[in-house]
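Here is the structure we will look at.
Number of protein chains: 2
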Amino acid sequence: MAKERDDTIASRISRVLADRIIRGELAPDARLRQDHIAEEFGTSHVPVREAFRRLEAQGLAINLPRRGVRVASFDLKEVREVAEMRAALEGLALRHAAQHLTPAILDAAEEATREGDAASDVYAWEEANRRFHRLILAPSGMARLLAAIDDLHAASARFLFSAWQSGWEKRTDHDHRAILAALRQGRTDEAAAILQKHVQWIGRAPVRTPSGSTREAFAIVG
Amino acid sequence: MAKERDDTIASRISRVLADRIIRGELAPDARLRQDHIAEEFGTSHVPVREAFRRLEAQGLAINLPRRGVRVASFDLKEVREVAEMRAALEGLALRHAAQHLTPAILDAAEEATREGDAASDVYAWEEANRRFHRLILAPSGMARLLAAIDDLHAASARFLFSAWQSGWEKRTDHDHRAILAALRQGRTDEAAAILQKHVQWIGRAPVRTPSGSTREAFAIVG
DNA sequence: CTTTTAAAAATTATAGATAATTTTCGCTTC
DNA sequence: GAAGCGAAAATTATCTATAATTTTTAAAAG
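Protein chains in written order, with numbering that gives the first Met the number 0: chain B, 0 to 221; chain Y, 0 to 221.
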C-alpha cells in the first residue's frame, strides 16, 4: 500500500481542496479560512498556507495579501482561454507521443472512450475523458508539458461540473474514435488536428442561478 | 513609490531566489536550506517554505519530502521542451494580441529590439528580448496564458545564462524585425509563423565544466 | 584501505503563540 | 431606512519551539 511517507500534510490538503473546488463544493469567491481548514484536517495552519500556494499556482485560488485566499472565479472568456491552451499544448504533446504509442496503449484509450460513452453522470464521464487524454499524451515523456496539461484539465473539469450540475446525457464520442483510428494508421497530423478541434468544442447547458432564474453555462466537453 | 503593503515576505523571498536560480548563482541540484535562507532574510523559516512552494510550481526547484528542496536540474531535452511550449503558446497569444496591437506598442517593441541588438552582455540582451515578447503578447489580455509564458521565459533565461556564461556577441535580430513588419501590415499568420520558428531556435556555446574541460551547452536564443 | 556502524549535528515539518490587520456588527446620526 | 462610526471578533502573517527524520562525522571492524 502506498505509504504516505513521501507525502506532506500540505500536499494532501492541497489535493483535497483542489478536488472540492473542481467539483464545485467550494464556490467561486468562497473564502478559504486557514484556521478552519487547519482544524478540519487536525493540523496547524502552517501546512494549510503551503497548500494555498499550490492552489494559487494552479489557478484554482487567488490570494489577496492580508485579506485571505478565495476560490478563483471564472467566466466564459477563461473557458475559451483554457480550451485554446489545451488545443495548443495537447496538439504538441500528441505529435511527440505518437511515435511511442503502442497497440496496448491505444486499446486502453479505446476502453476509456467506451467507459466515457457509458458514463451515467458527468463525474464518471470526466474521469474517463481525462484518462483517454492522459493515455495518448503521456508517452511524449515531456514532464513539464504534461504537468501544464494536467492543470488545464483541472480547470476544464471545474467548468464542466459547474455547467452540468445535473442532467448528463450519454453520447458516443466520435472524435476520440477518429483520433484513435488516425493514430493506428500512423496519420499523426490528422490525429493532432482532430484533437485540437475536439478540445475546443464548447458545450452549453442551462443552469439554475441562486436567484431561481435560468442562464446558460459554458464548458469544454472534450 | 510602490509600497510593499500588498507583498508578503514569502513572495519577496520567492522572487529573489527565482532570480538567483535563473542567473545561475544557485547551481542545479544545490540544496536550499530553509533555516539558512530564513536567517539571510531575517525571517523565520515559515515564509521561506511558502516561497519554496512557489518555486516548485514554476519548475525552478524540486521538493523531496523530508529531504529538502533543491534547485531543479535541466538538460537539452528540457530546453527543447520549453522551446516547443513557448512556440505553441506564444503563437496562440500573438494571434489573439494582433488585433489589439497599436502603432505605439509596435514602436516600443522595435525599440526593445534595438536595445537587444546593442546589448553588450547576455543579461541586458535577455531583458530586452523578454520585453519585446511581452509587449507584443500582453494585448491578448489572456492572463492565464501570459502567466504560463512568463514561467517559460524564466526557464529560457536560465538555460541562456547557463550556456552563455561569458562572451556575448552583438547581433541584429532579423526575426524580431520581420515579425514587426508582418504585424504592421496585418499579416498576423505570417508574424505568428515567424515567431514560432524564432523561439525554437536553439543556439550552442562552449562552456567550461568544473573539471576544466569544455563541453557544448544549448539554449533558446529567441 | 574500504565498509559498516553508531553517535552527533543539522535539517525538515509541524505545532502553538502573538502582533497586526481586516471584517463584522450594533449603535448612532441623518 | 441608508450611511457612517467604533468597538469587538475574527483572521492573517509571522515567530519561536519542538518532535521526527536525515545527513554527516568519526570510530570500529573486516
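Ideal Cβ placement from N, Cα and C applies to all residues, glycine included.
query	result
Under three-state DSSP, which class holds residue 69/Y?	strand
Quick check on DSSP: helix, strand or coil for residue 171/B?	coil
Could you work out which residue in 21/Y, 16/Y, 97/Y, 140/Y is closest to residue 37/Y when comparing CA atoms only?	16/Y
Quick one: Cα of residue 264/B to Cα of residue 215/B, how far?	The question about residue 264/B has no answer, for chain B in this structure spans 0 to 221.
Leaving aside the five residues before and after residue 92/Y along the sequence, list all residues of the same chain whose C-beta is less than 6 Å from its C-beta, in chain order.	136, 139, 144
If we require 3 or more residues per run, which beta strand (DSSP E) segments fall completely within the segment 55 to 121 of chain B?	60 to 63, 67 to 70
What are the boundary residues of the beta strand (DSSP E) that includes residue 204/B?	201 to 207
Measuring straight from C-alpha to C-alpha, what distance separates residue 207/Y and residue 161/Y?	11 Å
Please list, in chain order, the residues of the segment 143 to 174 of chain Y that have any C-beta partner in chain B closer than 7 Å.	143, 144, 147
To which residues of the same chain is residue 108/B closer than 7 Å at the C-beta, ignoring the five residues directly before and after it?	131, 134, 135, 179
Quick check: the Cα distance between residue 4/B and residue 33/B, rounded to an integer number of angstroms?	At residue 4/B, the pLDDT of 48 sits below 50, so the modelled position is not reliable and the matter cannot be decided from this model.
Mind checking which residues open and close the alpha helix (DSSP H) that includes residue 154/B?	142 to 162
Quick one: what does DSSP say residue 24/B is sitting in, helix, strand or coil?	coil
Where does residue 33/Y fall in DSSP's three states?	helix
Do residue 56/Y and residue 53/B have their C-beta atoms closer together than 8 Å?	yes
Suppose contacts are defined by Cβ-Cβ distances below 8 Å. Is residue 88/B in contact with residue 71/B by that definition?	no
Looking at chain Y, is there any beta carbon in it that lies within less than 8 Å of the beta carbon of residue 53/B?	yes
Per the DSSP calculation, residue 215/B is bridged to which residue(s)?	205/B
Just to confirm my understanding: we take residue 154/Y, look at its own chain, exclude 5 residues before and 5 after, and list those with CB closer than 7 Å. What are they?	58, 81
So for residue 220/B, helix, strand or coil by DSSP?	coil
Between residue 78/B and the rest of its own chain, which residues show a CB-CB distance below 8 Å, the 5 nearest in sequence each way excluded?	158, 201, 217, 218, 219
Assuming residue 112/B and residue 175/B form a contact by the criterion Cβ under 8 Å, report the distance between their Cβ atoms to the nearest whole angstrom.	4 Å
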